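Asks:
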Ligand SMILES: *Cc1c(COP(=O)(O)O)cnc(C)c1O
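Numbering (my numbering), first residue to last: 333 to 693.
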């Protein structure tokens, strides 16, 4: 069976060495040495100043909303994973959906301003598939209307925008280190900001608001991560350059098959981006063809995924909006193809052949 994704695993003795270390000092969680080491190494690798390792990418989003003290309406994208919207609702705010751009699949900045009113407090946008939003334009709109900007950068480890880590943009960026993501710590998430005050606030929030043993500096929750998770993150970080390189060459191999097909459109990444090749989406001409390809692949034990379907604006706990015309169209016709470290050239070729055969029938 070929799934859309297979978690990366380091050599087991590499993980075991960390486990022995954890057993030796008997420090399992609560900001232990491996969590610290992971935070330092991530900052070093990305050449950034601030990063907090938290329990998962969803609580990272909740921290961002809470720390910025957001209220009322948050402008967001309908085309993302459910956590982007659920965290807004969970924090007591209202998601207001803005349609996506047909090339990048990211929120369309030119449609944002018409949704801004006196209740709008922020823009929460996802860099879909690891491909950055139009950050400059979003920043300009945010400054003009005095809004905060949060980026759900869960797909973005390794992506650079204008020669800097994409995590450096927005008031806060968040990421996920879930097992299915490009770099993972089994479960895990990250919070990034260039504002040391925000980082300090979230560091306290993730530890119940503790300020020393018997004092609390504000409302907190448990958003910590453990030594075992940090250990997996550290092991995997050693392979990150190979992981990025492998995804790039796999994507190029798919491209060779699909470049000339008039029935398939591929993701276009702008030239100020150094892309991480986190996903390999293809957009078909019609919903019917998309479903046929999905089915034919499945009959061959190959599981593509409809990222992202359904649209978040169709969730039953949000106010449904039906003016997301582009998003509505893309969500019916997009498939993400298998892309992971252990995938072989032969498998890529087989997947591509099945798709092209379906298209030519
Ligand atoms: C994976 C993902 C999340 C959630 O991350 P978890 O670590 O699983 O909580 C949020 N947003 C997007 C876009 C994601 O892909």
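No residue lacks a Cβ here, since even glycine has one placed at the ideal position from N, Cα and C. Bear in mind that the values here come from a model prediction, so they are computed numbers and not experimental data.
1. At the level of alpha carbons, what is the spacing between residue 652 and residue 662?
2. For residue 393, verify whether its CB is less than 8 Å away from any heavy atom of ligand 1.
3. For residue 617, list the residues DSSP reports as bridge partners.
4. Could you give the DSSP three-state label for residue 380: helix, strand or coil?
5. Which same chain residues, not among the five before or five after residue 477, have their C-beta less than 6 Å away from its C-beta?
6. With hydrogens ignored, establish whether the beta-carbon of residue 561 is closer than 8 Å to any heavy atom of ligand 1.
7. Between which residues of its own chain and residue 600 is the CB-CB distance below 6 Å, once the five residues before and five after are set aside?
8. Looking at ligand 1, does it come within less than 8 Å of residue 521, judged from the CB to the closest heavy atom?
9. Going by DSSP, which residues form a beta bridge with residue 508?
10. Determine the burial state of residue 528: buried for a count of at least 16 other Cβ atoms within 10 Å of its Cβ, exposed for fewer.
11. Suppose you measure from the CA of residue 614 to the CA of residue 504; what does that come to, to the nearest Å?
12. Among all residues, which have a Cβ less than 6 Å from at least one non-hydrogen atom of ligand 1, and in what chain order do they fall?
13. According to DSSP, is residue 658 helix, strand or coil?
14. Terminal residues of the continuous alpha helix (DSSP H) containing residue 528?
15. Going by DSSP, what residue range makes up the alpha helix (DSSP H) through residue 599?
Replies: To lay it out plainly:
1. Mapped onto the chain shown, residue 652 falls at position 320. Mapped onto the chain shown, residue 662 falls at position 330. Computed Cα separation, rounded: 18 Å.
2. The count along the chain shown starts at 1 and reaches residue 393 at position 61. Flag set: Cβ of residue 393 near ligand 1.
3. Position 285 of the chain shown, counted from the first residue, corresponds to residue 617. For residue 617, which the question treats as bridged, DSSP gives no partner whatsoever.
4. Against the chain shown, residue 380 aligns to sequence position 48. The answer is coil: DSSP assigns residue 380 none of H, G, I, E or B.
5. Numbered from 1 along the chain shown, position 145 holds the residue referred to as residue 477. Excluding sequence neighbours, residue 477 sits near 448.
6. Residue numbering aside, residue 561 sits at position 229 when the chain shown is read from its first letter. Residue 561: no, Cβ never under 8 Å from ligand 1.
7. For the purposes of this step, residue 600 is identified with residue 268 of the chain shown, where counting begins at 1. Here the set comprises 435.
8. What you label residue 521 is simply residue 189 of the chain shown in a count that begins at 1. Indeed, a heavy atom of ligand 1 lies less than 8 Å from the Cβ.
9. For this step, residue 508 is matched to residue 176 along the chain shown. Per DSSP, 521.
10. Within the chain shown, residue 528 is the residue found at index 196, counting from 1. By the 10 Å Cβ count, residue 528 comes out exposed.
11. Here residue 614 is taken as the residue at index 282 of the chain shown, counted from 1. Here residue 504 is taken as the residue at index 172 of the chain shown, counted from 1. Roughly 30 Å separates the two Cα atoms.
12. 388, 389, 390, 412, 413, 415, 416, 458, 484, 486, 487, 508, 510 and 521
13. Residue 658 sits at position 326 when you count from the first residue of the chain shown. The answer is helix: DSSP assigns residue 658 an H, G or I state.
14. Taking the chain shown and counting its residues from 1, one reaches residue 528 at position 196. Run containing residue 528: 528 to 537, per the alpha helix (DSSP H) assignment.
15. On the chain shown, position 267 is the one that residue 599 refers to. Note, residue 599: premise wrong, no alpha helix (DSSP H); not H, not E.
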